[in-house]
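Enquirer: In the working numbering, the protein residues as written are -15 to 189.
The C-beta atom is built at its ideal place from N, Cα and C for all residues, glycine as well.
Since this is a predicted model, take the numbers as computed values, not measurements.
Starting off with a structure, shown below.
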């Protein structure tokens, strides 16, 4: 039993160490791309969001992260929301979705976690705690949309929400849980977050 227990602990530490090495690579590549973009001003919300997702994909590919597929699916979501692909259903439902996601009910729980946290270390702790709320946030959003717009519309809404949730969970596991005081602030503040994006694509675009 002791041998099995030691083996299990060894596997756990090896897994954490593996994620940390991949995470360090991703943080480096992501921050380098974000730094280059800081000089660009007057960006629209869509162009900024597209750039953020693009950096995520490029850094993920460079470092062989496990969420490359999820990042590409989010890129498709962003392109749809930014009208790169004409989507009549989106045009029809976006106002109702905007009311459902923009009422502040679901995001309040996330904002409460952030409240009073200002230092980089505190923001990192916020990210880690927020990761534990992803499933709750998804359920809250789905319930809001069902109540406001109906079940059929919720099915369509989930084609936006589900890819964002899937990417957020992988980023939490592979990047955020490995963050520490040495993490570049461009990563700390620049990573895509489902909590912001799902609200903004229906209220800001």
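Apart from the five residues on each side of it in sequence, which residues of its chain come closer than 7 Å, Cβ to Cβ, to residue 37?
Expert: Translated into the one-based positions of the chain shown, residue 37 becomes position 53. Result list for residue 37: 55, 58, 59, 62, 176, in chain order.
Enquirer: How is residue 78 classed by DSSP in three states: helix, strand or coil?
Expert: Walking along the chain shown from the start, residue 78 turns up at place 94. The answer is helix: DSSP assigns residue 78 an H, G or I state.
Enquirer: Check whether the segment 82 to 92 and the segment 165 to 172 are in contact - that is, three or more C-beta pairs closer than 8 Å.
Expert: No: the two stretches stay apart, fewer than three of their Cβ pairs being nearer than 8 Å.
Enquirer: Can you give the Cα-Cα distance for residue 99 and residue 109, rounded to whole angstroms?
Expert: As a position in the chain shown, residue 99 is number 115, starting the count at 1. As a position in the chain shown, residue 109 is number 125, starting the count at 1. C-alpha separation (whole angstroms): 12 Å.
Enquirer: Would you say residue 137 and residue 77 are within 8 Å of each other, going by their C-beta atoms?
Expert: Locating residue 137 in the chain shown gives position 153, counting from the first residue. Locating residue 77 in the chain shown gives position 93, counting from the first residue. In contact: residue 137 and residue 77 (Cβ atoms closer than 8 Å).
Enquirer: For the alpha helix (DSSP H) containing residue 149, name the first residue and the last one.
Expert: Residue mapping note: residue 149 aligns to position 165 of the chain shown, counting from 1. From DSSP, the alpha helix (DSSP H) with residue 149 extends over 135 to 158.
Enquirer: Would residue 5 be called buried (16 or more neighbouring beta carbons within 10 Å of its own) or exposed?
Expert: Working through the chain shown from its first residue, we reach residue 5 at position 21. Exposed: under 16 other Cβ atoms inside 10 Å.
Enquirer: From this set, 182, 42, 101, which residue's C-alpha is nearest residue 90's C-alpha?
Expert: As a position in the chain shown, residue 90 is number 106, starting the count at 1. The residue with the shortest Cα to Cα distance from residue 90 is 182.
Enquirer: Give every residue of the same chain whose Cβ lies closer than 7 Å to the Cβ of residue 195, excluding the five residues on either side of it in the sequence, and list them in chain order.
Expert: The question about residue 195 has no answer, for the chain in this structure spans -15 to 189.
Enquirer: What are the boundary residues of the alpha helix (DSSP H) that residue 101 is part of?
Expert: Locating residue 101 in the chain shown gives position 117, counting from the first residue. No alpha helix (DSSP H) contains residue 101, which DSSP labels as neither H nor E.
Enquirer: Between the Cα of residue 173 and the Cα atoms of 45, 79, 101, which residue gives the shortest distance?
Expert: What you label residue 173 is simply residue 189 of the chain shown in a count that begins at 1. Closest option to residue 173, Cα to Cα, is 101.
Enquirer: Just to confirm, is the Cβ distance from residue 114 to residue 14 under 8 Å?
Expert: The count along the chain shown starts at 1 and reaches residue 114 at position 130. The count along the chain shown starts at 1 and reaches residue 14 at position 30. No. Outside cutoff.
Enquirer: Taking the C-alpha atoms as reference points, what is the distance between residue 124 and residue 144?
Expert: Locating residue 124 in the chain shown gives position 140, where the first residue counts as 1. Locating residue 144 in the chain shown gives position 160, where the first residue counts as 1. For residue 124 and residue 144, the distance between alpha carbons rounds to 15 Å.
Enquirer: Report the option in 97, 153, 35, 131 whose CA atom is closest to the CA atom of residue 53.
Expert: The residue labelled residue 53 in the question sits at position 69 within the chain shown. Nearest option by C-alpha distance: 153.
Enquirer: I'd like to check one pair, residue 151 with residue 10: are the Cβ atoms closer than 8 Å?
Expert: Here residue 10 refers to the residue found at position 26 when the chain shown is read from its first residue. Here residue 151 refers to the residue found at position 167 when the chain shown is read from its first residue. For residue 10 and residue 151, no; Cβs fall outside 8 Å.
Enquirer: Rounded to the nearest angstrom, how far is the Cβ of residue 111 from that of residue 163, given a contact under 8 Å?
Expert: Numbered from 1 along the chain shown, position 127 holds the residue referred to as residue 111. Numbered from 1 along the chain shown, position 179 holds the residue referred to as residue 163. The Cβ separation is near 7 Å, so the contact holds.
Enquirer: Counting along the chain, where does the alpha helix (DSSP H) carrying residue 88 start and finish?
Expert: Taking the chain shown and counting its residues from 1, one reaches residue 88 at position 104. Premise fails: residue 88 is in no alpha helix (DSSP H) and is neither H nor E.
Enquirer: Here's the rule: buried if 16 or more other CB atoms are within 10 angstroms of the residue's CB, otherwise exposed. What is residue 45?
Expert: Along the chain shown, one-based indexing puts residue 45 at 61. So residue 45 counts as exposed.
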